[in-house]
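Here the numbering used here = 1-based position in the sequence shown + 319. Written out below as structure tokens is the structure these notes cover.
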Amino acid sequence: NYKFALRGVDGTGKAGKCFWGDDDIFNQDAVVVNILLPTGSWAFAGEPINGWQKYIDKTEIFTNLLYISAFIISILIWLLSKAILKIRANEKELNALFGSMEDLIIEFDRAGRYLKIAPTNDKLLVNSPQFLLGKKLSEVFEKEETDFFMYAISECFTSKKMVAIDYPLIINSEEFWFHARISYVSENSVLYVAHDNTAQRKAKEELRLSEQKLKESNATKDKLFSIIAHDLRSPFQPLLHYSEILSTEIEELDKSEIVKFGADINYAAKEVFSLLENLLEWSGMQTGGIKYNPDKINLYQKANEVIRNVKTGADQKNIEILNKIDHSIFVIADTQMLRAVIHNLLTNSVKFTNNGGKIVINAGANNTFINVSITDNGVGINPDKIDSIFDIDKTNTTMGTNNEKGSGLGLHICREFVEKQGGKIWVESEIGKGSTFYFTLPDGKEG
């Protein structure tokens, strides 16, 4: 005898949509009962099919509505309970999902304010979520970093398109690299998803270094083959030639010729020995066979020892070598490495200094280091070779003033040995006026 209707989809009350019964009832002379629950309200209406006949009808229908409302409330509470349980289950699933994610997920507004932080990977945050929420980027980062992030966020708001950025961050004294994607959500919201790609970046850098090392190794191998094929072979030619003359024609030679041939053989043998010595030293560096054993060394005395070894070659060109190092200067160095550096630099100066020239070795203190200089008044170095003169993969071999030959390996060894001892090496030169090679070593003074 009665018809009923229920309004309030999603708890929106009488103003909501009708989801059961005839909605026209609410526009007629119906009895309406409002069902109020903490999660919303619903309106339950009813009226007789044939209209109101007597006052008792309204009382009767009101009573019926109350009974039915109680039943509806029970159903709504049951549905609400199910919904709450489902929400909690979904929340657990969502938390589990977030917990399995490694990316940072953050929502920012236009001002760069942290609106939301998903519970994914807090260890990649610069601070705790509790500290960050509600704060602006400018309150968390330095100006340069803030400007970088804000530019990307602003670009996303302007274009309404995804913006990708790569950047480093120091978190707990450790450097991390991130790749982030910023996506437009609304007029005042963007979603920021950052992935930690530190491991990939390190792997890429290691691969790059490995490729570089391989290239250097190949260049070194090519250089070594070149030295063996040409530079090591050349000094043997006069050795073989003069020794053959001495062995077959000695009876026909006078004393002065024998002395000359002997001197030439001696000089050629020293060239071979010097080159072999450099090859062995270089080989030791490549295989790790040469160890750095630092000691306190008197620089003047060590320079004098080396000068005596190169004096023969200098005397043949009437070149004067002056040791102007103060007797009181000490350095912290490996004695064999220091000897090799001074020997190669002096030999190089002798090679490119004209007959009757001069070479000066000097040194002076510079803070905690000693600057050593070897200056000659030789032919000088072409400016376009200055930057690569210490590189083994560059061809720097040039004939000396008396047509002396060399491999270019000695200067490379100088750089390797100086840098291994914590120093630096460089050269200044002017064509036609000479060159000065400088290198530094730790000061060995007392205290």
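Ideal Cβ positions, reconstructed from N, Cα and C, are used throughout, including at glycine.
CB of residue i within 9 Å of CB of residue j, strictly
| i | j | result |
| --- | --- | --- |
| residue 699 | residue 748 | yes |
| residue 482 | residue 459 | no |
| residue 772 | residue 616 | One cannot answer for residue 772 here, as it falls past the ends of the chain, which runs 320 to 766. |
| residue 342 | residue 326 | yes |
| residue 599 | residue 760 | no |
| residue 495 | residue 484 | no |
| residue 696 | residue 677 | yes |
Candidates the options, of which the one nearest residue i by Cα
| i | options | result |
| --- | --- | --- |
| residue 689 | 695, 508 and 649 | 649 |
| residue 659 | 625, 711 and 536 | 625 |
| residue 685 | 720, 581, 638 and 757 | 757 |
| residue 497 | 454, 436 and 424 | 424 |
| residue 510 | 574, 471 and 565 | 471 |
| residue 762 | 614, 696, 705 and 620 | 614 |
| residue 709 | 739, 696 and 732 | 732 |
| residue 638 | 426, 669 and 477 | 669 |
| residue 431 | 580, 528 and 508 | 508 |
| residue 512 | 523, 577 and 499 | 499 |
| residue 477 | 429, 538, 465 and 707 | 429 |
| residue 359 | 655, 479 and 331 | 331 |
| residue 469 | 427, 436 and 437 | 427 |
| residue 473 | 752, 505, 448 and 491 | 505 |
| residue 447 | 465, 464, 486 and 490 | 490 |
| residue 555 | 464, 526 and 595 | 595 |
| residue 582 | 538, 602 and 561 | 561 |
| residue 602 | 524, 563, 703 and 540 | 540 |
Chain-order list of residues whose beta-carbon lies under 8 Å from that of residue i (same chain, five-residue window excluded)
| i | result |
| --- | --- |
| residue 558 | 584, 587, 588 and 591 |
| residue 263 | Any answer about residue 263 is impossible in this case: the structure gives the chain only from 320 up to 766. |
| residue 344 | 322, 323, 324, 364, 365 and 366 |
| residue 475 | 481, 482, 501, 502, 503 and 509 |
| residue 636 | 669, 672, 673, 674, 675, 676, 720 and 721 |
| residue 752 | 696 and 699 |
Cutoff 6 Å; reference residue i; Cβ partners in own chain excluding five residues on either side
| i | result |
| --- | --- |
| residue 694 | 679 and 755 |
| residue 750 | 699 |
| residue 640 | 626, 633 and 678 |
| residue 479 | 503 |
Whole-angstrom C-beta distance between residue j and residue i, which should lie under 8 Å
| i | j | result |
| --- | --- | --- |
| residue 515 | residue 456 | That belief does not hold up - the Cβ atoms of residue 515 and residue 456 are roughly 19 Å apart, past 8 Å. |
| residue 672 | residue 720 | 7 Å |
| residue 462 | residue 433 | Their Cβ separation, rounded to whole angstroms, is 18 Å, which puts residue 462 and residue 433 out of contact at 8 Å. |
| residue 362 | residue 336 | At roughly 11 Å, the Cβ-Cβ gap does not stay under 8 Å, so residue 362 and residue 336 are not in contact. |
| residue 665 | residue 691 | The pair is not a contact, with the Cβ atoms about 11 Å apart (cut-off 8 Å). |
Residue i, buried or exposed, once every other Cβ within 10 Å from all chains shown has been counted against 16
| i | result |
| --- | --- |
| residue 575 | exposed |
| residue 611 | exposed |
| residue 667 | buried |
| residue 734 | buried |
| residue 728 | buried |
| residue 737 | buried |
| residue 519 | exposed |
| residue 740 | buried |
| residue 573 | exposed |
| residue 711 | buried |
| residue 593 | buried |
| residue 577 | exposed |
| residue 569 | exposed |
| residue 441 | exposed |
| residue 730 | buried |
| residue 742 | buried |
| residue 653 | buried |
| residue 450 | exposed |
| residue 766 | A caution first: residue 766 carries a pLDDT of 46, below 50, which makes its placement in the model too unreliable to give a value. |
Cutoff 7 Å; reference residue i; Cβ partners in own chain excluding five residues on either side
| i | result |
| --- | --- |
| residue 644 | 618, 619, 622, 680, 681 and 682 |
| residue 705 | 746 and 748 |
| residue 375 | Below a pLDDT of 50, predicted positions are generally treated as unreliable, and residue 375, at 48, falls in that range; no measurement from the model is reported. |
| residue 488 | 445, 495 and 497 |
| residue 642 | 619, 622, 623, 626 and 680 |
| residue 764 | 649 |
| residue 452 | 433 and 436 |
| residue 564 | 580 |
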